[in-house]
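Participant:
There are 2 protein chains.
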Amino acid sequence: MVLSSEVFSALADPTRRFVVETLAARGDATATELAAELPVTRQAVTKHLAALGEAGLVDAHRSGRETRYRLTPAPLGDAVSWLEEVSGKWDERLAALQRHLGETSSESTP
Amino acid sequence: MVLSSEVFSALADPTRRFVVETLAARGDATATELAAELPVTRQAVTKHLAALGEAGLVDAHRSGRETRYRLTPAPLGDAVSWLEEVSGKWDERLAALQRHLGETSSESTP
DNA sequence: CCTTCGTGCAACTATTCGGTTGCAGATACT
DNA sequence: AGTATCTGCAACCGAATAGTTGCACGAAGG
Numbered sequence: 022m023v024l025s026s027e028v029f030s031a032l033a034d035p036t037r038r039f040v041v042e043t044l045a046a047r048g049d050a051t052a053t054e055l056a057a058e059l060p061v062t063r064q065a066v067t068k069h070l071a072a073l074g075e076a077g078l079v080d081a082h083r084s085g086r087e088t089r090y091r092l093t094p095a096p097l098g099d100a101v102s103w104l105e106e107v108s109g110k111w112d113e114r115l116a117a118l119q120r121h122l123g124e125t126s127s128e129s130t131p
Numbered sequence: 022m023v024l025s026s027e028v029f030s031a032l033a034d035p036t037r038r039f040v041v042e043t044l045a046a047r048g049d050a051t052a053t054e055l056a057a058e059l060p061v062t063r064q065a066v067t068k069h070l071a072a073l074g075e076a077g078l079v080d081a082h083r084s085g086r087e088t089r090y091r092l093t094p095a096p097l098g099d100a101v102s103w104l105e106e107v108s109g110k111w112d113e114r115l116a117a118l119q120r121h122l123g124e125t126s127s128e129s130t131p
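Line by line, the protein sequences give chains A and B. Counting from 22, one number per residue, gives the positions in the first sequence under the numbering used here. Counting from 22, one number per residue, gives the positions in the second sequence under the numbering used here.
(1) Alpha carbon to alpha carbon, what distance is there between B:Leu92 and B:Asp49?
(2) Near A:Gly77, what residues of its chain come up, given a Cβ to Cβ distance below 8 Å and the 5 sequence neighbours on each side ignored?
(3) Can you tell me whether A:Glu87 is helix, strand or coil according to DSSP?
(4) Around the Cβ of B:Arg38, are there at least 16 other Cβ atoms within 10 angstroms (buried) or fewer (exposed)?
(5) If the cut-off is 7 Å on Cβ atoms, which residues from the region 38-51 of chain B count as contacting chain A, listed in chain order?
(6) When the cut-off is 8 Å and only beta carbons count, does A:Glu105 lie next to chain B?
(7) Only counting the same chain, and skipping five residues up and downstream in sequence, which positions put a Cβ closer than 8 Å to that of A:Ser129?
(8) Terminal residues of the continuous alpha helix (DSSP H) containing B:Gly74?
(9) My guess is that B:Arg114 and A:Ala46 are in contact by the Cβ rule of under 8 Å, so how many angstroms apart are they, rounded?
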């Protein structure tokens, strides 16, 4: 179970999550457009977009003098897989414990 | 869609993810036990466990002179919800775009 | 009682990170 | 052509973070 660490790191920052949400809703945006809705400068947003790009969550398309960023949500699925695998292991461990308690319910109860 | 930022932050660190995986598989562990399987000191693991605790992913139970940590996986579900909501929005935006392209396929294409 | 084991707390360090300012290069508009 | 936008790159700064070492304290066992 070896997951790209960058996905969770990318999603750890609130600004970056806002960018992801906005891209999911609008489909498209430039760094300047995103910065207009955020309390940070355009360059900060550019850095965040670079981080998201390294995580494979976003890719850039330059048309003319503006660069539009788009969501590539595949890594989100990887993250979900990891989370569900962990949750699953935990649940089955709990179930095993319940079963064990049932089997030994007639034994000593310290 | 306001998610506790701490969940993704907690999961951003590889050591912390290893701890979560281990706790999911074993159900129980002390900081010293976890540190034995990691290239860091016990104190580092304790700090990581504190971070996971702040994110609500772990809670501590002291019995005698040892403190055992256990997984509390509820926040993982919150993270999955957020991820699926974003993915969902993206998918429905894609579908809307497809529909739009279908409707306007006979119109002018500037 | 004394030793040992496990833990918790504090101080300190190096690196990473989010953010800024400043500037140069390319593209559109009149 | 000349000007106005939009972008990208680099340097710099403060705060957070992952890690360490050192020490003191409570619980078990001889």
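Each residue gets a CB set at the ideal place from its N, CA and C atoms; glycine is no exception. This one's a predicted model, so the numbers in the text were calculated from it and none came from an experiment.
Facilitator: Walking through what the data contain:
(1) 8 Å
(2) Ser25, Glu27, Val28, Thr93, Ala95 and Pro96
(3) strand
(4) buried
(5) Val41, Glu42, Ala45, Ala46 and Gly48
(6) yes
(7) Bear in mind that the predicted position of A:Ser129 carries a pLDDT of just 40, short of 50, making it unreliable; the figure below should be weighed with that in mind. For A:Ser129, where only same-chain residues beyond five positions count, there are no Cβ hits under 8 Å.
(8) Arg63 to Glu75
(9) 7 Å
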